[in-house]
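Using our numbering, the first residue of the sequence shown is number 1192, and each one after it goes up by one. Ideal Cβ positions, reconstructed from N, Cα and C, are used throughout, including at glycine.
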Amino acid sequence: MSEHDEHQSHEETGADAGTGTDDVLAEVGPRLRRIRKERGATLAGLSSATGISVSTLSRLESGLRKPSLELLLPIARAHQVPLDELVGAPQVGDPRIRAPKPIVHYGRTHWPLTRQPGGLQAYKVLEPQRKLEPEPRTHEGYEWLYVLSGRLRLVLGEHDVVLGAGEAAEFDTRVPHWFGSTGEGPVEFLSLFGRQGERMHVRARPKKRGEAD
């Protein structure tokens, strides 16, 4: 499967949920304003707490800026509320996710666990036993990892750590990062990220040794 075809398959997976997604997103702005005012917070204060500009926060609340995981996660942290409280939940019928076939891309297998396009993306990932040279990358957003079995090596900035089964990590993806097998055996883990993260970790072709940036 080509990179273009794989990208297209991701878009088609959630196409039928487009209308419901639009309805949910339209309600986010008023909800953000209500939650902020309930806490007596100003746009300037929220900007200072999140690092998001006042103009962007104002556009989010007025519906002129499309909400994204990269924007909503720091706002949820500042307000100390769950992310789903900011987003709300659409009315659905059968809540079960009938995921498409696993995506096998350059040796790594991904099982999609979310069905709506854009925003938060969740995958179960199986990395085979192999020893790869870390190639840290950066992109906008946040990422969350949870190891189901095996051992996962995470290189984050100057840190080089190994996560075992039951351990989790969360980080700002603007920091150079890379994760993969320790080379001791396969590792299975959950990964949550935004669309920028999907482009980097699900569709990006890993560089070969000696290949220039």
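Three-state class that DSSP yields for residue i in the structure shown
{"i": "residue 1371", "result": "strand"}
{"i": "residue 1219", "result": "helix"}
{"i": "residue 1139", "result": "Only positions 1192 to 1404 of the chain appear in the structure, and residue 1139 is not among them; the question remains open."}
{"i": "residue 1241", "result": "helix"}
{"i": "residue 1276", "result": "helix"}
{"i": "residue 1303", "result": "strand"}
{"i": "residue 1255", "result": "coil"}
{"i": "residue 1385", "result": "coil"}
{"i": "residue 1194", "result": "Confidence is the limiting factor: at residue 1194 the pLDDT is only 40, short of 50, which leaves the residue's position unreliable, though a coordinate-based value still follows. DSSP places residue 1194 in helix when its eight states are reduced to three."}
{"i": "residue 1228", "result": "helix"}
{"i": "residue 1261", "result": "helix"}
Separation of residue j from residue i, as counted between CA atoms
{"i": "residue 1221", "j": "residue 1230", "result": "14 Å"}
{"i": "residue 1362", "j": "residue 1242", "result": "15 Å"}
{"i": "residue 1251", "j": "residue 1279", "result": "15 Å"}
{"i": "residue 1321", "j": "residue 1302", "result": "20 Å"}
{"i": "residue 1287", "j": "residue 1267", "result": "26 Å"}
{"i": "residue 1369", "j": "residue 1318", "result": "13 Å"}
{"i": "residue 1271", "j": "residue 1227", "result": "11 Å"}
{"i": "residue 1358", "j": "residue 1335", "result": "11 Å"}
{"i": "residue 1405", "j": "residue 1258", "result": "No answer is possible for residue 1405: it lies beyond the span of the chain, which begins at 1192 and ends at 1404."}
{"i": "residue 1390", "j": "residue 1293", "result": "Residue confidence is low: residue 1390 scores 49 on pLDDT, short of 50, so the model does not pin down where it sits. No coordinate-derived value is stated."}
{"i": "residue 1330", "j": "residue 1277", "result": "23 Å"}
{"i": "residue 1352", "j": "residue 1375", "result": "14 Å"}
{"i": "residue 1380", "j": "residue 1356", "result": "8 Å"}
{"i": "residue 1237", "j": "residue 1225", "result": "13 Å"}
{"i": "residue 1289", "j": "residue 1304", "result": "9 Å"}
CB of residue i within 8 Å of CB of residue j, strictly
{"i": "residue 1342", "j": "residue 1354", "result": "yes"}
{"i": "residue 1314", "j": "residue 1382", "result": "yes"}
{"i": "residue 1385", "j": "residue 1311", "result": "yes"}
{"i": "residue 1248", "j": "residue 1234", "result": "yes"}
{"i": "residue 1372", "j": "residue 1344", "result": "yes"}
{"i": "residue 1264", "j": "residue 1274", "result": "yes"}
{"i": "residue 1346", "j": "residue 1325", "result": "yes"}
{"i": "residue 1364", "j": "residue 1333", "result": "yes"}
Residues that residue i bridges to, as DSSP identifies them
{"i": "residue 1297", "result": "According to DSSP, which records beta bridges pairwise, residue 1297 is partnered with nothing at all."}
{"i": "residue 1417", "result": "Not covered by the structure: residue 1417. The range shown for the chain is 1192 to 1404."}
{"i": "residue 1361", "result": "1335"}
{"i": "residue 1343", "result": "1354 and 1372"}
{"i": "residue 1379", "result": "1317 and 1340"}
{"i": "residue 1271", "result": "In the DSSP output, where bridge partners are listed per residue, residue 1271 has none listed."}
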